[in-house]
């Protein structure tokens, strides 16, 4: 793929023309309500699935595949995979939620929470698939969900619109999520646990010598004192030119995580949108594979210098827009800036 040509198209004519003139691939959405999922197929191959099983406490996109078919998301806790980290079982695929909504923790909820603690956690329940439209180069999925308290009170109604785009060596997921308050007041108290996130495969992590617990070849969790970083080549780079683990807690318009997996050079890029509260976002991006944009958790990232404490009154809404770019290429700053500029005008 000629990325100079792609860059020109993004700068001057926009994403839609890119996909009409640069060999767009057919995208088929296969709805399977029995298995509680919608498979997103690109050229007949799985790109990702929108899934909403009861055991992960929120709808997510999982797994996520590269253009060449490599798995970019962590497999745990959905399936056992040798070499996977087994921390943070609530980190599944791509998701959107938050760590303090009227005092309830939606972010950390999982099957691992003991029964005596469940009253501290909120759950996002898939409600319906409103639209699933396949297409050449682009497909659209619209879903509804409910953010509920442990006593089954509906706090927020969620409508999410996914736009999936695909060419030979690039995939784009645009997510637009509108949250509407269904109770008198919904408070998003400043918290580091949020908001639009992906948990990546081991090969995309940053090299680390910290002890960890990994899945072994028999599906048994084993403590490892010294990590093997042979195939671990991930690196963060932000729109502000900051790299590595230093990106955590900084503001940026976009963040790239680049690596190599099974011989394929890959870039994962999350792009913030100027319409989001708190733009440009703070980044909750960790070396162990959590990659998140948190527009609302300003107090912890600024060490108390800033504070947002966003809230909604009953009937009020807020919309969050994020773009995830998946490319079989180490995208340059210029290429990403062009895509970010185009996305900001949508």
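Numbering (the UniProt record's numbering), first residue to last: 1 to 346. Don't be surprised by glycine CBs; every beta carbon is placed ideally from N, CA and C. Here the structure is a predicted model, which is why all the values come from computation and not from measurement.
The three-state secondary structure of residue 266, taken from DSSP, is strand.
Counting other Cβ atoms within 10 Å of its Cβ, residue 342 reaches 16 or more and is therefore classed as buried. For the pair residue 269 and residue 43, the Cα-to-Cα distance works out to about 22 Å. Excluding its 5 nearest sequence neighbours in each direction, residue 307 has C-beta neighbours in its own chain below 8 Å: 190, 298, 299, listed in chain order. Taking all protein chains shown into account, residue 231 has fewer than 16 neighbouring C-beta atoms within 10 Å of its C-beta and is therefore exposed.
In the displayed model, residue 308 falls within coil according to three-state DSSP, outside both helix and strand. Note that the segment 268-286 does not touch the segment 148-162; fewer than 3 beta-carbon pairs, one per stretch, sit closer than 8 Å. Its Cα nearest to that of residue 117, the residue 104 stands out among 23, 104, 330. For residue 322, the CB contacts under 6 Å within the same chain, skipping 5 residues up- and downstream, are 175, 196 in chain order. Listed in chain order, the alpha helix (DSSP H) elements of length 4 or more contained wholly in the segment 13-98 are 15-21. Secondary structure remark: continuous beta strand (DSSP E) runs of at least 3 residues inside the segment 222-281, in chain order: 235-238, 254-261, 264-272. For residue 113, there is no enclosing alpha helix (DSSP H), as DSSP gives it neither H nor E. In the DSSP assignment, residue 336 falls within the unbroken alpha helix (DSSP H) covering 333-344. Secondary structure of residue 206 (DSSP, three-state): coil. Judged by their CB atoms, residue 235 and residue 70 are not nearer to each other than the 9 Å cut-off. Using a Cβ-Cβ distance cut-off of 8 Å, the segment 129-146 and the segment 29-45 are in contact, since at least three pairs of beta carbons, one from each stretch, lie closer than that value. Of the other Cβ atoms in all chains shown, 16 or more fall within 10 Å of the Cβ of residue 256; this residue is therefore buried.
Scanning its chain for C-beta atoms nearer than 6 Å, with the 5 sequence neighbours on each side dropped, one finds around residue 52 the residues 36, 59, 126, in chain order. Going by beta carbons, residue 63 and residue 93 fall inside the 9 Å limit.
Inclusion of residue 121 and residue 188 in the CB contact set at 9 Å is not warranted, their separation being larger than that value.
Excluding residues up to 5 positions away in sequence, nothing lies with its Cβ nearer than 6 Å to the Cβ of residue 286 in the same chain. With fewer than 16 other Cβ atoms inside 10 Å of its own Cβ, residue 246 counts as exposed. Considering only 86, 328, 317, the residue with the shortest C-alpha distance to residue 181 is 317.
With respect to the 9 Å criterion, residue 272 and residue 248 are not classified as neighbours on the basis of their beta carbons.
According to DSSP, residue 174 shares a beta bridge with 163, 323.
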